[in-house]
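**Student:** The sequence shown lines up with residues 1 to 332 when you count with full-length UniProt numbering.
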Amino acid sequence: MAGVKDLLDNPFADRWHHHNGRFRSPPGSPWIDRRHSKQMLSVLGRLAVAGNQPFQFSAEHCLSRDVSLRMLGAIADEPSISWLGQACFYIQFKGVKVLTDPFLSERASPLRYSGPKRLVPTPLQLQDLSPDVMVISHNHYDHLDTRALGNMVNKANVTVITTLKTGKLLRKLGFSRVIEMDWYQEFKERDAIYQCLPAYHFSGRSLLDENRALWGSFSIECGGVKVFFAGDTGYGTEFSRIGRLTGPYDVALVPIGAYAPRDVFAAVHASPEEAVKIGEDIAAKHLIGMHWGTIRLTTEAMGEPAERFIAAQSKVTKSIMAIGETRKLVSV
1 MAGVKDLLDN PFADRWHHHN GRFRSPPGSP WIDRRHSKQM LSVLGRLAVA GNQPFQFSAE
61 HCLSRDVSLR MLGAIADEPS ISWLGQACFY IQFKGVKVLT DPFLSERASP LRYSGPKRLV
121 PTPLQLQDLS PDVMVISHNH YDHLDTRALG NMVNKANVTV ITTLKTGKLL RKLGFSRVIE
181 MDWYQEFKER DAIYQCLPAY HFSGRSLLDE NRALWGSFSI ECGGVKVFFA GDTGYGTEFS
241 RIGRLTGPYD VALVPIGAYA PRDVFAAVHA SPEEAVKIGE DIAAKHLIGM HWGTIRLTTE
301 AMGEPAERFI AAQSKVTKSI MAIGETRKLV SV
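1) Note down the Cα distance separating Gly174 from Gln53, rounded to an integer number of angstroms.
2) Is Val254 near Leu297, with beta carbons less than 8 angstroms apart?
3) Can you give me the start and stop residues for the beta strand (DSSP E) that Leu129 sits inside?
4) According to DSSP, what are the bridge partners of Cys222?
5) Contact between the segment 61-69 and the segment 313-330 is defined here as three or more beta-carbon pairs at a separation below 8 angstroms; is this criterion met?
6) Let me confirm a value: Tyr141 is counted as buried when at least 16 other C-beta atoms fall within 10 Å, else exposed. Which label applies?
7) Our contact map puts Ile220 next to Val98 with C-beta atoms below 8 angstroms; I'd like the distance itself, whole angstroms only.
8) Suppose contacts are defined by Cβ-Cβ distances below 8 angstroms. Is Val316 in contact with Glu273 by that definition?
9) Mapping DSSP to helix, strand and coil, what is Val120?
10) Closer than 8 angstroms is the cut-off here; do at least three beta carbon pairs connect the segment 124-136 with the segment 148-167?
11) Given a threshold of 16 other Cβ atoms within 10 Å of its Cβ, counted over all protein chains shown, does Gln125 qualify as buried or as exposed?
12) From the DSSP output, read off the bridge partner residues of Glu180.
13) For Ala263, which three-state DSSP category applies?
14) Do the CB positions of Phe309 and Ile295 come within less than 8 angstroms of each other?
15) Taking the alpha-carbon of Gly28 as reference, which of Lys38, Ser240, Asn211, Glu300 has the nearest alpha-carbon?
16) Look at the alpha carbon of Trp292 and the alpha carbon of Glu307, and state the distance between them as a whole number of angstroms.
17) By the three-class DSSP mapping on this structure, what secondary structure does Lys277 have?
18) Measure the alpha-carbon distance for Pro79 versus Pro248 and round it to whole angstroms.
19) Ser25 and Tyr200 - do their beta-carbons sit closer together than 8 angstroms?
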């Protein structure tokens, strides 16, 4: 694709992760993927009964719409970051505004009245934001919300940066400028540099398209600030190489939830402690936990990811944001 180029030291230049018409995660994960096991059937049974039960969240976890809008406007002229829940962030760099993995609807599901339900409000909506760029790590429903994006205005003015084979769905939604990237590729636009990097995960929106589209993490650099967006991932040795080739980072957004039981999900979802290890491996100065406290995808308690993430021993500083909160990006 025009404007997209391999990094000079691309360890996947041989496209090892392209395999029989599908994609696969990097070597180096010690875990076996058991998402198609009897254990997984047990998890699905438990979630079918209790997955959408109300989550008793505090005012500190999810802010009101009025408070969220005030915070968003209070530092509009400085680099800032807002968390909208799950892996959705609105990052205002100097000169470009980036929205990651949009999930703003009531459910992460192809069905309007069934499937994982958003258990907290959405204090900020797309109409409150003005992204120049969207970065989408993969095509799962809690990372690529077609209901919300289908109603988005000014699609022609938004550049969508995503992984290979994910762009077709976005073009169907009316986005005309879609940049698809492979691992260790780079794209530059409006003084910003975007790098697509590996992740340990999978893709698919139905039983028929598993791993037909790529998944990844991303580096976003603009105005002297460099952010690592992990997307959705398990832990593996590739993150050390990402750190050597692309680090250091000012801020890393790392997934800390949807990890239990470990014998089922370790291959695709990092534990809170592994999320901290990802941040250490990529040489991040500060970590923000994400992918928790929004919908119930697995069996750990809703508040457990944040507690374990903050308690994890590390020299890297880390924090948790409230849904709807906006902070200065350079002083998180």
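Cβ coordinates follow ideal geometry from the N, Cα and C atoms, glycine included.
Quick caveat: nothing in here was measured; it's all calculated off a predicted structure.
**Tutor:** Judging by the given coordinates:
1) The residue you call residue 174 lines up with position 174 of the sequence shown. The residue you call residue 53 lines up with position 53 of the sequence shown. For Gly174 and Gln53, the distance between alpha carbons rounds to 35 angstroms.
2) For the purposes of this step, residue 254 is taken as the residue at position 254 of the sequence shown. For the purposes of this step, residue 297 is taken as the residue at position 297 of the sequence shown. Cβ atoms of Val254 and Leu297: not closer than 8 angstroms.
3) Locating residue 129 in the sequence shown gives position 129, where the first residue counts as 1. Premise fails: Leu129 is in no beta strand (DSSP E) and is neither H nor E.
4) Here residue 222 refers to the residue found at position 222 of the sequence shown. Answer is Ala192, Val225, bridged to Cys222.
5) Flag = yes, the segment 61-69 and the segment 313-330 touch.
6) Position 141 of the sequence shown, counting from 1, holds the residue named residue 141. Its Cβ being crowded by 16 or more others within 10 Å, Tyr141 is buried.
7) Here residue 220 is taken as the residue at index 220 of the sequence shown, counted from 1. Here residue 98 is taken as the residue at index 98 of the sequence shown, counted from 1. Indeed they touch by this definition, with Cβ atoms about 6 angstroms apart.
8) Numbered from 1 along the sequence shown, position 316 holds the residue referred to as residue 316. Numbered from 1 along the sequence shown, position 273 holds the residue referred to as residue 273. The Cβ-Cβ distance between Val316 and Glu273 does not fall below 8 angstroms.
9) For the purposes of this step, residue 120 is identified with residue 120 of the sequence shown, where counting begins at 1. Looking at Val120 - three-state DSSP - the assignment turns out to be coil, as it is neither helix nor strand.
10) Contact between the segment 124-136 and the segment 148-167 is present, because at least three Cβ pairs lie under 8 angstroms.
11) Along the sequence shown, one-based indexing puts residue 125 at 125. Exposed, since its Cβ has fewer than 16 Cβ neighbours within 10 Å.
12) Your numbering for residue 180 matches position 180 in the sequence shown. Answer is Thr162.
13) Counted from its first residue, the sequence shown places residue 263 at position 263. Residue identity differs from the one stated: residue 263 is Asp in this sequence, not Ala. The answer is helix: DSSP assigns Asp263 an H, G or I state.
14) Indexing the sequence shown from 1 puts residue 309 at position 309. Indexing the sequence shown from 1 puts residue 295 at position 295. If you check the CB distance, Phe309 and Ile295 do not come in under 8 angstroms.
15) Numbered from its first residue, the sequence shown carries residue 28 at position 28. Taking only the C-alpha atoms, the option nearest Gly28 is Ser240.
16) Locating residue 292 in the sequence shown gives position 292, where the first residue counts as 1. Locating residue 307 in the sequence shown gives position 307, where the first residue counts as 1. For Trp292 and Glu307, the distance between alpha carbons rounds to 11 angstroms.
17) Position 277 of the sequence shown, counted from the start, is the residue given in the question as residue 277. Note: Lys277 maps to helix in three-state DSSP.
18) Here residue 79 corresponds to residue number 79 of the sequence shown, with the count starting at 1. Here residue 248 corresponds to residue number 248 of the sequence shown, with the count starting at 1. Between Pro79 and Pro248, the C-alpha separation is close to 19 angstroms.
19) Position 200 of the sequence shown holds residue 200. Position 25 of the sequence shown holds residue 25. Yes, the Cβ-Cβ distance between Tyr200 and Ser25 is below 8 angstroms.
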